[in-house]
Each structure stands twice: as C-alpha cells, then as structure tokens.
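For what it's worth, the UniProt record's numbering labels the leading residue of the sequence shown as 1, then goes sequentially.
No residue lacks a Cβ here, since even glycine has one placed at the ideal position from N, Cα and C.
Remember, it's a predicted structure, so these values are computed and weren't measured experimentally.
Everything on this sheet refers to the single structure shown next.
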Amino acid sequence: MLRQRLIQTLRTRGGSASGPSRWTSPGNEEQPKGYLFNRTPLPPGQTRKWEDWELPCYVTSFLTIVILGVGLNAKPDLTIETWAHQKALERLEIEQAGLSVAGSSESD
Numbered sequence: 001m002l003r004q005r006l007i008q009t010l011r012t013r014g015g016s017a018s019g020p021s022r023w024t025s026p027g028n029e030e031q032p033k034g035y036l037f038n039r040t041p042l043p044p045g046q047t048r049k050w051e052d053w054e055l056p057c058y059v060t061s062f063l064t065i066v067i068l069g070v071g072l073n074a075k076p077d078l079t080i081e082t083w084a085h086q087k088a089l090e091r092l093e094i095e096q097a098g099l100s101v102a103g104s105s106e107s108d
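So, in structure tokens, the structure goes:
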C-alpha cells in the first residue's frame with residue numbers, strides 16, 4: 001500500500017506514461033522557429049536593444065578576465081624546482097668561491 005502511494009507521487013523529470021508530469025509542460029508552440037533562443041530576426045536596419053543586465057555582466061566579465069590574466073601572470077614562482085635550482089646555484093657559487101680563495105692562497 002505504501003509502495004503504491006510512493007510510486008504515484010514520485011515522477012521522473014521527463015514525465016511518465018501514467019499522466020502529465022508536474023515538472024514539465026507541453027509548451028505553447030507547435031514547433032520551434034529554428035532561430036537562436038527562439039527569437040525571430042529583427043527587420044533590416046534595426047538593432048537589438050540591450051537589456052538592463054547585459055552591460056554590467058559584460059563589463060564584469062571583461063574585468064574579471066583582465067584581472068585574472070594579469071594576476072596569474074605576475075604571481076611569484078614558488079615551485080619546488082625553482083627553489084632547488086636557486087639553492088644549487090648558490091652552492092656552486094660558494095664552492096667556486098672557496099676554490100678560488102684556496103687556489104689564490106696556495107699560489108702565494
């Protein structure tokens with residue numbers, strides 16, 4: 001009995017064979033028009049008017065890309081390989097400086 005109640009109340013998102021779905025509706029058009037977002041093109045010579053949300057959205061998106069591009073390219077290189085390379089160069093310089101000091105003292 002409980003199972004029958006649950007089956008009747010649960011519906012899949014696309015609907016089921018037992019009747020109309022509560023999540024979807026058949027819509028109000030017979031066929032799509034074939035245009036992007038189902039909008040018919042404007043007559044020649046007319047331009048589409050921007051909606052209120054478009055300019056802030058485009059400006060914010062552009063600034064986000066610029067800030068991320070500059071910020072990610074300017075970040076310091078903190079990888080372990082770079083650190084190890086710098087330490088190895090420092091050791092080589094110390095080693096060469098030690099050899100040159102030792103070599104100059106022996107020749108005197």
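Excluding five sequence positions before and after I65, none of the CB atoms of its chain fall closer than 7 angstroms to its own CB. In the three-state reduction of the DSSP assignment, K49 falls in the coil class, being assigned neither a helical nor a strand state. Counting only the Cα atoms, L36 lies some 21 angstroms from S25.
DSSP places S100 in the helix class (H, G or I) of the three-state scheme.
In this structure, DSSP gives Y35 a state outside helix and strand, which the three-state scheme calls coil.
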